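Enquirer: Attaching a single structure in C-alpha cells format; questions to follow.
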Amino acid sequence: MAKVIIMDLGFRAESVTDPLIISDASNLTFCFLTVSPKDDGVCENSGLAIFRSKSCLIYKSGYPNDEASLCSPLVATGFDGFSISKVIDSDWVKEIEGQNSKKWPNTNYSNRFSHWVFPFKDTTLEVIAADLEWELTEKPYSEVQIEMVSWINDNEY
Numbered sequence: 053m054a055k056v057i058i059m060d061l062g063f064r065a066e067s068v069t070d071p072l073i074i075s076d077a078s079n080l081t082f083c084f085l086t087v088s089p090k091d092d093g094v095c096e097n098s099g100l101a102i103f104r105s106k107s108c109l110i111y112k113s114g115y116p117n118d119e120a121s122l123c124s125p126l127v128a129t130g131f132d133g134f135s136i137s138k139v140i141d142s143d144w145v146k147e148i149e150g151q152n153s154k155k156w157p158n159t160n161y162s163n164r165f166s167h168w169v170f171p172f173k174d175t176t177l178e179v180i181a182a183d184l185e186w187e188l189t190e191k192p193y194s195e196v197q198i199e200m201v202s203w204i205n206d207n208e209y
C-alpha cells in the first residue's frame, strides 16, 4: 500500500503560479516560485526552486487543480493536497514496472525510482525519477529559464 510522506523542504509552491517544465527523453528540469511560512503564519517569498533529474522515467502535469486536489486517490495515503510530497511504495511505479517486465523481466523500478508530487494552483506535477536535485535561487526568472534550457542541452545523449 502506498504511503505519502510530506517533505519539509523549508518552502512550498507559491499559490498562484504553475511550474515551468523543460524535458527531453530522460532529463527533466522544472522551476516555480516559492514561499516560506514565518513564525506568525504569514508566508514570505523565498525565491525560485529549480528541480533537476538526469534519470526521469516519466512525469505528468495537469489534473487535479487546487480545488480538486483533495479528490486525488493519494489523499487516502496521506497527501494533504498542498505540500510537496514523496510517495513510498507507489502504485504508479508498480504499474510501469509491470508493463515493462513483459519485455524486461528483471525490471525493478521500485528500488531505483521515487514518485514525487508537487501541487500548484491550477495543476499537479507528478514525477518518477531516480534522482531529483533542487536548489533555491534569487536569480531572475528569465535567467533561470536560459539556464534550464542549457542544462537540458548539456545532458542530451
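Numbering (the working numbering), first residue to last: 53 to 209. For glycine and all other residues, C-beta sits at the position ideal for the given N, C-alpha and C. Bear in mind the structure is a predicted one, so any value in this text is a computation, not a measurement.
1) Where does S153 sit, in a helix, a strand or coil, going by DSSP?
2) Could you name the residues of the same chain whose beta carbon sits closer than 7 Å to that of D60, not counting the 5 residues immediately before and after it, in chain order?
3) Which residue spans inside the stretch 138-205 form an unbroken alpha helix (DSSP H) run of at least 4?
4) Per DSSP, which residues does T81 bridge with? Please list them.
5) Just list the residues that DSSP pairs G99 with in beta bridges.
6) Assess, as a yes-or-no matter, whether the stretch 96-103 is touched by the stretch 179-190 under the definition of 3 or more beta carbon pairs within less than 8 Å.
7) Can you check DSSP and say which residues form a bridge with G114?
Expert: In this structure, then:
1) helix
2) none
3) Runs found: 143-153.
4) I74, R104
5) T86
6) yes
7) T176
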